[in-house]
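Below is one structure, written out as structure tokens; comments come after it.
2 protein chains.
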Amino acid sequence: MSLTNASPEAAARAAKISSRTLAILSTDARNAALDAIYDALSAAKNDILAANARDLEAATKSAADGQLSQAILKRLDLSRKGKFDDMIQGIKDVRNLEDPVGKIDMRTELDDGLILHRQSCPIGVLLIIFEARPEVIANIASLAIKSANSAILKGGKESTESFKAISTVISKALDSTEVPNDSIQLVTTRDAIDPLLQLSQYIDLVIPRGSNELVRHCQQMAHMPVLGHADGLCHIYIHPDVDVEMAVNVVVDSKTDYPAACNAVETLLVHEDALKTVLPAVASALLKKGVSLRCDPVSKTALSESLDKHDAAMLQDVTEEDYDTEHLDLILTVKAIPRKSDQLASVDAAIEHINIHGSGHTEAVLTESKEVADRFCNGVDAACKFWNCSTRMADGMRFGFGTEVGISTNKIHARGPVGLEGLCIYEYRIQGSGQGAGMYGAGGRQWKHRRLPL
Amino acid sequence: MSLTNASPEAAARAAKISSRTLAILSTDARNAALDAIYDALSAAKNDILAANARDLEAATKSAADGQLSQAILKRLDLSRKGKFDDMIQGIKDVRNLEDPVGKIDMRTELDDGLILHRQSCPIGVLLIIFEARPEVIANIASLAIKSANSAILKGGKESTESFKAISTVISKALDSTEVPNDSIQLVTTRDAIDPLLQLSQYIDLVIPRGSNELVRHCQQMAHMPVLGHADGLCHIYIHPDVDVEMAVNVVVDSKTDYPAACNAVETLLVHEDALKTVLPAVASALLKKGVSLRCDPVSKTALSESLDKHDAAMLQDVTEEDYDTEHLDLILTVKAIPRKSDQLASVDAAIEHINIHGSGHTEAVLTESKEVADRFCNGVDAACKFWNCSTRMADGMRFGFGTEVGISTNKIHARGPVGLEGLCIYEYRIQGSGQGAGMYGAGGRQWKHRRLPL
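Heads up: the sequence lines are chains A and B, in that order.
Numbering of the first sequence is given in my numbering, commencing with residue 1230 and proceeding in unit increments.
Numbering of the second sequence is given in my numbering, commencing with residue 1230 and proceeding in unit increments.
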């Protein structure tokens, strides 16, 4: 890893060149590099925490001046209990995952002595832009090396000292391994992001990890594909047949387990027949957890009649904007879905609301009916469609991927929680024995196209 | 299918809305629509050919005025022997392919009663921009319907009458099926391309099928991902151990089978030790086929000494530009690769040339040595890597995909020949029983993450 003061173009070109060396390293060589990084970071804990303390000191001043939020300050602090150890344990976890490179997923005999196969390979050069969390640098470096991709990292300026300390250690560790030093580069140049986003000849994929603004900026400016999501505007639809206790548990978890997460629920859609049977218990539990409920007129009327006076007085009125807002806070929009003669028509009304206002991230339905669940899951347009569980399940660790690069709402390549597989693409290889295309077709040889075992 | 005079935005919005209806249709419903289109086009053959004759008449005039090439004129002509029948047979072929939608490729038990699976689903709305070939409209309509994607088609103005005739027939045929009419729209508005390329809220993927200029324009202007390739600058590297007859056959096929194709070879890299043993026979066969050879000094000297006078006199000098030019014609660049003490070092020199000048499309190596072939295939950065066969094998039909949307040199999503699979993405679904994320972790339940059979 180099901590580079090179121009964005020089850094990207160096990353591209080293990506081909990295691409052909063995699994063992890449794992050995991760072991070396783990050992070096463990040994340098004190130095890194000292550097982090300098970042914190500067940030604390900015926070006191009101220029930096307490939330960023908290994210910046590597000395919090367990955080450093979690960071380096993450390297070991990634190291121990299955190699995503070189997996064969298709083999076809095109003709005698003409065998086609498809195998996974790295994408090439990743540009990863992130904000305050200093531990991300170790996480990204390990994901990139494991998947044999070069990476250019651009971190937030609040963490500069921590980044420099960590990258110096990683760089020195890599020198003893087969992984080229240039394959992981930290760019610290101010204003490097926009120039980097134009270098599509060197950079294959951008992964922004941070605020919606950062993601949108990358989506608008990048000349190469961007992997990620801007908004996470998730819905839960409550059908009247659902078990009340389950509805309470799932909605409370979806909203309060981590309200600032992209997979937290933002809007509750409630079938008219559930407004007085299911919703009151859900609303009451949410209010108890400090959640503000922004209700449409129908749901507010129903709730006002069902809740005790104290709770009823806390209900707020929804605005049109709420339906399109990712609150990232203890605020939940509530909207009634009209009863129709056919129960599936009500489900369709919920689907329609979601497909207009949703962000394609995660949508959940709470119902006892498989027919309702299928209708909902088939109809909504989203990366994750959950029946009877929390929207918070949308997460690479929970999905069993071992790690997560982020969650994607893209419609191509990788969608939903993205693990190492999303950092790979595939290539086709043929082993032939001199065949030309002109040998085949009318009057010539016929294709066999026989699928072979992997 | 509507032949729309609506604004690009109205067309795109309508396509987005109908994409959700299309996405939930059964395999049978989509196949029935393809049957209906097949029958209707068969019945309307005379009307369509009459419309095509009007296009041809106008185009012939333009060609006479020098405003249109003979090649475009030829591509425009649907009345050429077998062309119409091939067009409608293509619809049947696509109809009979396996449904790419709803395939489950992962199932995981996250916990008791909490089952995650991943299944393929359509991308949503495709924008397909193409040039003169009128048969493309039937091909694209069938690919889109089969893969349950809405499509907006924008064709070249030379084929307007043919397009209108075909789309009127398709539109009427769809009216008798469950596929929404708006899911396939033909936009004929002049200058609609650029506005369409901005509508990322409605359009998920652009597929340009046409000239390099068209593809580059889309890549630069589109606010959504673009699938395809601009250049196809393919190389063949000849190692000295190769069988001469095989080298002749493969190189001649790669260059002359269809010189205007993206998978035709443009540059021949020849190991120094093969310049007098293998290259003369290859060069002689190519010259006999009318191929111009643009040689670097080393290869030219060697060939001049080996070929007869007549052939030697036809050799041309390479320019630096040739190394970066997709000739799409009977022209081949020839370059010698220096002998090194280690034979793999020579392979590396060929790899380096390819990774600088190649387009990531298809690269081939001709050698008897598995070690050399592996080094080459691991080292070059390309979608297709072939050992001992023609670069022309890079093709969806030859790969056994049944059909092809195009060939992609993208580094994400779909790469190489793209069949129906490239028009799909996946979604994650969970069937739970009330679980929240807060139930898991320290002191709580543990994840099972058990892979289940598909």
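Where a beta carbon is used, it is the ideal one built from N, C-alpha and C, also for glycine.
Note that the structure is predicted; figures quoted are calculated from it, not measured.
When rounded, the separation of the alpha-carbon atoms in B:Ala1542 and B:Gly1519 is 14 Å. B:Gly1608 places its beta carbon 9 Å or farther from that of B:Asp1571. Scanning chain A for C-beta atoms nearer than 7 Å to the C-beta of B:Gln1675 yields nothing, as the closest lies near 12 Å away. With a threshold of 16 other beta carbon atoms within 10 Å, A:Thr1548 falls short and is exposed. Counting the other CB atoms within 10 Å of its CB gives A:Ala1240 a total of 16 or more, which places it among the buried residues.
Chain A has a Cβ within less than 9 Å of the Cβ of B:Leu1456. For the pair B:Ala1380 and B:Ala1265, the CB atoms are not nearer than the 9 Å cut-off. For B:Pro1454, same chain residues with a beta-carbon under 6 Å away, outside a window of 5 residues either side, are Leu1434 in chain order. Of the residues B:Ala1273, B:Thr1485 and B:Lys1383, the one whose Cα lies closest to the Cα of B:Lys1517 is B:Thr1485.
Straight-line spacing of the CA atoms in B:Lys1274 and B:Phe1313 works out to 8 Å. DSSP places B:Val1444 in the helix class (H, G or I) of the three-state scheme. The beta-carbon separation of B:Cys1618 and A:Gln1348, rounded to 17 Å, does not stay under the 8 Å limit for a contact. Bounds of the beta strand (DSSP E) holding B:Gly1635 are Gly1635 to Ser1637.
Within the segment 1631 to 1643 of chain B, contact with chain A at the beta-carbon level (separation under 7 Å) is assigned to Lys1640, Ile1641 and His1642.
Secondary structure of A:Cys1491 (DSSP, three-state): coil. Residues of chain A with a Cβ closer than 8 Å to the Cβ of B:Asp1306 do not exist, since the nearest Cβ in that chain sits about 20 Å away.
Contact annotation for B:Gln1664 against chain A: Asn1478, Val1479, Asp1482, Asn1617, Cys1618, Ser1619 and Met1622 [CB-CB distance below 9 Å, chain order]. DSSP, read as helix, strand or coil, puts A:Gln1299 in helix. At least one CB atom of chain A sits nearer than 9 Å to the CB of B:Lys1614.
Note: B:Lys1564 is bridge-paired with B:Leu1498 in the DSSP secondary-structure output. For A:Asp1546, the beta-bridge partners assigned by DSSP are A:Cys1524. Note that the segment 1455 to 1474 of chain A touches the segment 1595 to 1614 of chain A; at least 3 beta-carbon pairs, one per stretch, sit closer than 8 Å. Distance check between B:Ala1666 and each of B:Thr1591, B:Pro1567, B:Leu1339 and B:Arg1249 places B:Leu1339 closest, using alpha-carbon atoms only.
In the DSSP assignment, A:Ser1662 falls within the beta strand (DSSP E) that extends over Cys1653 to Gln1664.
Contact between B:Thr1562 and B:Glu1495 holds: CB atoms are separated by about 6 Å, below the 8 Å threshold.
Below 8 Å, enough C-beta pairs join the segment 1358 to 1376 of chain B and the segment 1430 to 1444 of chain B to call them touching: three or more.
Within 8 Å of the CB of B:Phe1628, the CB atoms of chain A belong to Thr1337, Leu1339, Leu1345 and Tyr1657, in sequence order along the chain. With 16 or more other Cβ atoms from the protein chains shown falling within 10 Å of its own Cβ, B:Asn1260 counts as buried. In the DSSP secondary-structure assignment, A:Pro1351 is bridged to A:Cys1653. One Cα belongs to A:Glu1387, the other to A:Ile1422, and the distance between them is close to 16 Å.
Annotated as proximal: A:Ala1565 and A:Val1527, with beta-carbon spacing under 9 Å. DSSP places A:Tyr1267 inside the alpha helix (DSSP H), whose first and last residues are Thr1256 to Ala1272. Residue environment analysis places A:Glu1550 among the exposed positions, since fewer than 16 neighbouring C-beta atoms fall within 10 angstroms of its C-beta. The DSSP-derived three-state label of B:Pro1646 is strand. Rounded to whole angstroms, the Cβ separation of A:Cys1613 and A:Cys1350 is 27 Å, and the two are not in contact under 8 Å. In terms of Cβ geometry, A:Asp1610 and A:Ile1583 form a close pair [threshold 9 Å].
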